[in-house]
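All remarks here apply to the structure that follows.
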Amino acid sequence: MKREIPICHHCGEANGVKKHGIAKSGHQRYYCALCKKTFQTNYIYKGKEQNIAAQVERLLTDELTPEQISNEIRVRLSTVEQHIKHLARMSN
Ligand SMILES: [Zn+2]
Numbered sequence: 006m007k008r009e010i011p012i013c014h015h016c017g018e019a020n021g022v023k024k025h026g027i028a029k030s031g032h033q034r035y036y037c038a039l040c041k042k043t044f045q046t047n048y049i050y051k052g053k054e055q056n057i058a059a060q061v062e063r064l065l066t067d068e069l070t071p072e073q074i075s076n077e078i079r080v081r082l083s084t085v086e087q088h089i090k091h092l093a094r095m096s097n
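Once you know that position 59 of the sequence shown is 64 in this note's numbering, the rest is easy, because the numbers rise by one and skip nothing.
Next up, the structure:
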């Protein structure tokens with residue numbers, strides 16, 4: 006039940022979003038047919054820290070490694086590790 010397609014960074018809809026190749030930086034790019042713009046997942050997740058935290062927490066519960074979580078939600082490993090540290094602090 007893995008959800009690979011993110012919501013559009015521009016209009017917030019997932020309906021028109023399709024994969025659109027890989028950027029030079031190595032990030033997956035997406036194209037939104039609704040607003041006819043492209044975006045990258047790394048970019049979209051910035052500013053959605055709460056969302057990342059919730060996903061990291063959920064995947065940790067599923068016993069995924071930080072590397073697997075990084076792949077799963079398409080954020081940098083360092084970002085995942087930051088959230089894990091944060092979660093550890095909160096549970097202490
Ligand atoms: Zn859009």
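The C-beta atom is built at its ideal place from N, Cα and C for all residues, glycine as well.
Just so we're clear, the structure is a prediction, and the values are computed from it rather than from any experiment.
query                                                                                                                                                                             : result
Please list, following the chain, all residues that have a C-beta closer than 5 Å to any non-hydrogen atom of ligand 1.                                                           : C13, H15, C16, C37, L39, C40
Would you please state the rounded distance, in angstroms, between the beta carbons of Q60 and T46? I believe it to be under 8 Å.                                                 : About 12 Å; that fails the 8 Å criterion.
In whole angstroms, what separates the C-alpha of K42 from that of I78?                                                                                                           : 21 Å
Could you name the residues of the same chain whose beta carbon sits closer than 7 Å to that of E62, not counting the 5 residues immediately before and after it, in chain order? : L92
Kindly indicate which residue of C37, F44, N76 has the alpha-carbon position closest to the one of K101.                                                                          : The structure shown does not extend to residue 101, since the chain is modelled only from 6 through 97, so no value can be given for it.
Indicate the three-state DSSP secondary structure (helix, strand or coil) for I12 in the structure shown.                                                                         : coil
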